[in-house]
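Enquirer: Protein chains in written order, with my numbering: chain W, 1 to 183; chain F, 1 to 183. Idealized CB from N, CA, C, for every residue including glycine.
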DNA sequence: CGCCCGTGAGACATCAATGTCTCACATGGG
DNA sequence: CCCATGTGAGACATTGATGTCTCACGGGCG
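#1: Tell me whether the beta-carbon of residue 82 of chain W lies closer than 7 Å to the beta-carbon of residue 37 of chain W.
#2: Can you tell me which of F:132, F:85 and F:45 puts its alpha carbon nearest to the alpha carbon of residue 59 of chain F?
#3: Take residue 267 of chain W and list the residues in its own chain whose beta-carbon comes closer than 8 Å to its own, dropping the five residues that flank it on each side.
#4: Could you tell me the distance, in whole angstroms, from the CA atom of residue 108 of chain W to the CA atom of residue 14 of chain F?
#5: Can you name the residues of chain F whose CB is closer than 7 Å to the CB of residue 149 of chain W?
#6: Relative to the alpha-carbon of residue 11 of chain F, which residue among F:49, F:62 and F:31 has its alpha-carbon at the smallest distance?
#7: Going by DSSP in three states, residue 178 of chain W sits in which element: helix, strand or coil?
#8: Going by CA-CA distance only, name the one from F:160, F:54, F:129 and F:33 that's closest to residue 114 of chain F.
#9: Exposed or buried, residue 112 of chain F, counting other C-beta atoms within 10 Å across all chains shown (16 or more means buried)?
#10: Assign residue 42 of chain W to one of three DSSP states: helix, strand, or coil.
#11: If you run the structure through DSSP and keep just helix, strand and coil, what is residue 102 of chain F?
#12: Using a Cβ cut-off of 7 Å (strictly closer), state whether residue 152 of chain F contacts chain W.
#13: How many angstroms separate the CA atom of residue 123 of chain W from the CA atom of residue 174 of chain W?
#14: Taking the C-alpha atoms as reference points, what is the distance between residue 176 of chain W and residue 20 of chain F?
#15: With a Cβ-Cβ cutoff of 7 Å, do residue 90 of chain F and residue 17 of chain F count as a contact?
#16: Using a Cβ-Cβ distance cut-off of 7 Å, determine whether residue 173 of chain W contacts chain F.
#17: Have a look at W:134, W:7, W:6 and W:88 and flag the residue whose alpha-carbon is nearest the alpha-carbon of residue 169 of chain F.
#18: Using DSSP's beta-bridge definition, name the partner residues of residue 167 of chain W.
#19: Check the Cβ of residue 168 of chain F against every Cβ in chain W and list those closer than 7 Å, keeping chain order.
#20: Run through chain F and tell me which residues come within less than 9 Å of residue 132 of chain W, C-beta to C-beta.
#21: Roughly how many angstroms separate the alpha carbons of residue 74 of chain W and residue 121 of chain W, rounded to a whole number?
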């Protein structure tokens, strides 16, 4: 009975998300297969990480699609975005860190596409007057990644409840820490 | 002429901040010493990382001291904090990632002290009515770390100017993305 | 029933980073 | 001047992860 490659990939994602330095042997055991079979599916750790990168980009783009970034106010779109991207947060965090390690090398163009789409959302918000214009879309995009990573780890380590994940990130990103004045 | 251990440590911090996977050999070459001498100063990579951890904690605590977290409004204190911690941002980012890798093991108590001091600042802001109370101090602390890391990388990769670092982080953390209504 | 395909288990070689050791050198002090 | 100390250079063994190969097993299929 052939092993389901997709299932192995999901299993690897779940493991490496928690323990980025996990061995190929650990990945195999976690997936319930032998190291030999794992190597037949993914020729080396590098190939595996590339596959995970593809999966992560795919899930993120699906989340962006589902969030319908062009609909309604930018604020609403951002709320939908964070909500939709939550399931991929852990994997995204892993991949961001992984990308920081490999310097210079050509990186998957998928990241550039994602960056562009998210930055475009922030720019739309600025042009519509919803968002302040003294913070660049590029920085806001980076900041969103950072908050998602922090949030994912805070949930994994049990410092905050998983159900609060979207709320925490969106509220901080949109409204900041300062208390609003009463209208 | 004896090698200056402190200088080697700084050099290692600068290198590992940019390339977290750098070899002991690379660390030695960057410091301008031989691998043998490096090993005499720090017996193994683990020891080196521990020393860097100590340095990072030391610098962060110095930054917190210099920021006088108990003086003035919490908002002002936070601005001072980010400004003072900027020089240690890269190292802090490296150490946060490093800490995520080692699971379970007892971690340096210094981190707990830092966390407590920063969380106390946010709590003070909440109690004084400056900060909103629907975001927990623990999450705000994690979020601050995340933003500092994102900011450090954005500067290192040249996506934003170094001089904007404190502004970007503080403005986003305090005010959020939404445009304020005119008073 | 017997064959085939995919798998598991394990042996084995490889490779990179590291820990360890020796030895020569030079530099500064007695 | 000579010696002690700390360093650089390099050889060598070790360790852990990985790539590769063989072989036996077992279920599905003809």
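Expert: With the given structure in hand:
#1: Within the first chain, the letter at position 82 stands for residue 82 of chain W. Within the first chain, the letter at position 37 stands for residue 37 of chain W. Result no, Cβ atoms of residue 82 of chain W and residue 37 of chain W do not sit closer than 7 Å.
#2: Position 59 of the second chain, counted from the first residue, corresponds to residue 59 of chain F. For residue 59 of chain F, the closest of F:132, F:85 and F:45 by C-alpha to C-alpha distance is F:85.
#3: Residue 267 of chain W falls outside the range modelled here, since chain W spans only 1 to 183, and no answer is possible.
#4: Reading the first chain from its first residue, position 108 is the one you call residue 108 of chain W. Reading the second chain from its first residue, position 14 is the one you call residue 14 of chain F. When rounded, the distance between both Cα atoms is 27 Å.
#5: Walking along the first chain from the start, residue 149 of chain W turns up at place 149. Residues of chain F passing the Cβ test: 146.
#6: Indexing the second chain from 1 puts residue 11 of chain F at position 11. Closest option to residue 11 of chain F, Cα to Cα, is F:31.
#7: Mapped onto the first chain, residue 178 of chain W falls at position 178. In the structure shown, the three-state DSSP call for residue 178 of chain W is strand.
#8: Counting from 1 along the second chain, the entry for residue 114 of chain F is found at position 114. Residue F:54 is the option with its Cα nearest to residue 114 of chain F.
#9: Looking up residue 112 of chain F in the second chain gives position 112. The Cβ neighbour count for residue 112 of chain F, taken over all protein chains shown within 10 Å, is under 16; the residue is labelled exposed.
#10: As a first step, residue 42 of chain W is located in the first chain; it is residue number 42 there, counting from the start. In the three-state scheme derived from DSSP, where H, G and I count as helix and E and B as strand, residue 42 of chain W is classed as coil.
#11: For the purposes of this step, residue 102 of chain F is taken as residue 102 along the second chain, with counting starting at 1. When DSSP states are grouped into helix, strand and coil, residue 102 of chain F belongs to the coil group.
#12: Along the second chain, read from residue 1 onward, the residue named residue 152 of chain F stands at position 152. Judged by the 7 Å Cβ criterion, residue 152 of chain F is not in contact with chain W.
#13: By one-based count along the first chain, residue 123 of chain W stands at place 123. By one-based count along the first chain, residue 174 of chain W stands at place 174. The straight-line gap from Cα to Cα measures roughly 14 Å.
#14: As a working mapping, residue 176 of chain W is identified with position 176 in the first chain. As a working mapping, residue 20 of chain F is identified with position 20 in the second chain. Answer to the nearest angstrom: the Cα atoms are 31 Å apart.
#15: Numbered from its first residue, the second chain carries residue 90 of chain F at position 90. Numbered from its first residue, the second chain carries residue 17 of chain F at position 17. Yes. Within cutoff.
#16: Indexing the first chain from 1 puts residue 173 of chain W at position 173. When Cβ-Cβ separations below 7 Å define contact, residue 173 of chain W makes contact with chain F.
#17: For the purposes of this step, residue 169 of chain F is taken as residue 169 along the second chain, with counting starting at 1. Considering only W:134, W:7, W:6 and W:88, the residue with the shortest C-alpha distance to residue 169 of chain F is W:134.
#18: On the first chain, position 167 is the one that residue 167 of chain W refers to. For residue 167 of chain W, which the question treats as bridged, DSSP gives no partner whatsoever.
#19: Position 168 of the second chain, counting from 1, holds the residue named residue 168 of chain F. Simply 135 and 139.
#20: Taking the first chain and counting its residues from 1, the one referred to as residue 132 of chain W is at position 132. By Cβ distance, chain F contributes 171, 175, 176, 177, 178, 179 and 180.
#21: Start at 1 with the first residue of the first chain, and residue 74 of chain W comes out as number 74. Start at 1 with the first residue of the first chain, and residue 121 of chain W comes out as number 121. If I take the Cα positions, the gap works out to 6 Å.
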